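> Numbering (mature numbering (1 follows the signal peptide of the UniProt record, and there is no 0)), first residue to last: -27 to -1, 1 to 201.
Quick one: this structure, given as structure tokens, is what I'll be asking you about.
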């Protein structure tokens, strides 16, 4: 191969690498729609939350995920176009606050979009569609963990719950699908921090959450004495 041929080959390989790195379409199997319980989140954070938390489960994020291997993150260099949020913001401020600092909700959504949302293509079309999808799941499709638990008579009363009762309550509001739970110890108390609902890669139906937190993890929820 002559010098010109080698240069051509190098240019072709470089172009292919650039194309791969710039593509926002990556492989993923399903979506995790994760909700966080505000008081437990603040209790587990070393820096106090700037505002008193509400006794509510609100959105943490919507994340494309894989059954095997790492979940996709930062698939393309992108930023949230805040000029397009418009009338979505009033709803998002309620269901998807930055629990640590409510004056920076937009910054929180922007981080979630850049880290996770961009990787959800083609199901997630763009940044605005990402925000709209979260609203649709939470409000229209009733994937609201706080309401699901409340409908099963499990209220945020600071009582000790069993894992079985929490899972049963979530299943009752999700057509029997298994959620993913995350707990965290605060001093000697184990608090329910997050509940994740899972959907297929097209966000058309709920599925049993794979990849549950393992028993040896510090975030594993025990059989009993889970405070909520």
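Glycine included, C-beta positions come from ideal geometry on N, C-alpha and C.
No experiment lies behind these values; they were computed from the predicted model shown.
Where does the unbroken alpha helix (DSSP H) through residue 36 begin, and where does it stop?
Run containing residue 36: none in the alpha helix (DSSP H); it sits in the beta strand (DSSP E), 30 to 38.
> Have a look at residue 87 and residue 45 and give me their C-alpha separation to the nearest angstrom.
The straight-line gap from Cα to Cα measures roughly 11 Å.
> Can you name, in chain order, every residue of its own chain whose Cβ lies under 6 Å from the Cβ of residue 117, other than the five neighbours on each side?
Excluding sequence neighbours, residue 117 sits near 111.
> Could you check what DSSP says for residue 105 in three-state terms: helix, strand or coil?
Helix, per DSSP.
> Just verifying my parser: in three-state terms, what is the DSSP assignment at residue 81?
Three-state result, residue 81: helix.
> Would you list the one or two residues that DSSP bridges to residue 76?
None, per the DSSP bridge assignment.
> Note down the Cα distance separating residue 97 from residue 135, rounded to an integer number of angstroms.
Spanning the two alpha carbons is a distance of roughly 36 Å.
> Three or more C-beta pairs closer than 8 Å, one from the region 67 to 85 and one from the region 123 to 137: is that the case here?
The region 67 to 85, when compared against the region 123 to 137, does not touch it at the 8 Å Cβ threshold.
> Looking only at its chain, what residues have a beta carbon closer than 7 Å to the beta carbon of residue 18, apart from the 5 residues adjacent to it on each side?
Cβ neighbours of residue 18 beyond the five flanking positions: 73.
> When we look at the beta-carbon of residue 52 and count the other beta-carbons within 10 Å, is it buried (16 or more) or exposed?
Exposed.
> Please report the Cβ distance between residue 5 and residue 169, rounded to the nearest whole angstrom; I am assuming they are in contact, meaning their Cβ atoms lie under 8 Å.
Indeed, because the Cβ distance is near 5 Å, the residues count as touching under 8 Å.
> Take the Cβ of residue -5 as the centre, count every other Cβ of all protein chains shown within 10 Å, and call the residue buried at 16 or more, exposed below.
Note that residue -5 scores 43 on pLDDT, short of 50, meaning its location in the model is unreliable and no value can be drawn from it.
> Closest to residue 194 by CA distance: which of 42, 21 and 162 is it?
Cα-wise, what sits closest to residue 194 is 162.
> Under the rule that 16 or more other beta-carbon atoms within 10 Å means buried, what is residue 189, buried or exposed?
Exposed, by the Cβ-count rule.
> Flag this pair as touching only if the region 34 to 42 and the region 57 to 64 have three or more C-beta atom pairs under 8 Å; answer yes or no.
Not touching, per the Cβ criterion.
> Just to confirm my understanding: we take residue 175, look at its own chain, exclude 5 residues before and 5 after, and list those with CB closer than 7 Å. What are they?
Excluding residues within five positions, the ones whose Cβ falls inside 7 Å are 96.
> Who pairs with residue 163 in a beta bridge, going by DSSP?
Looking at the DSSP assignment, residue 163 forms a beta bridge with 158 and 199.
> What is the residue span of the beta strand (DSSP E) that residue 5 lies within?
Residue 5 -> beta strand (DSSP E) spans 3 to 10.
> Just reading off the alpha helix (DSSP H) that residue 120 is part of, what are its end residues?
Start and end: 118 to 124.
> Would you call the CB atoms of residue 201 and residue 165 closer than 7 Å?
Yes, they are a contact pair.
> If residue 75 and residue 184 are in contact, beta carbons under 8 Å, what's the gap, nearest whole angstrom?
31 Å between Cβ atoms; not a contact.
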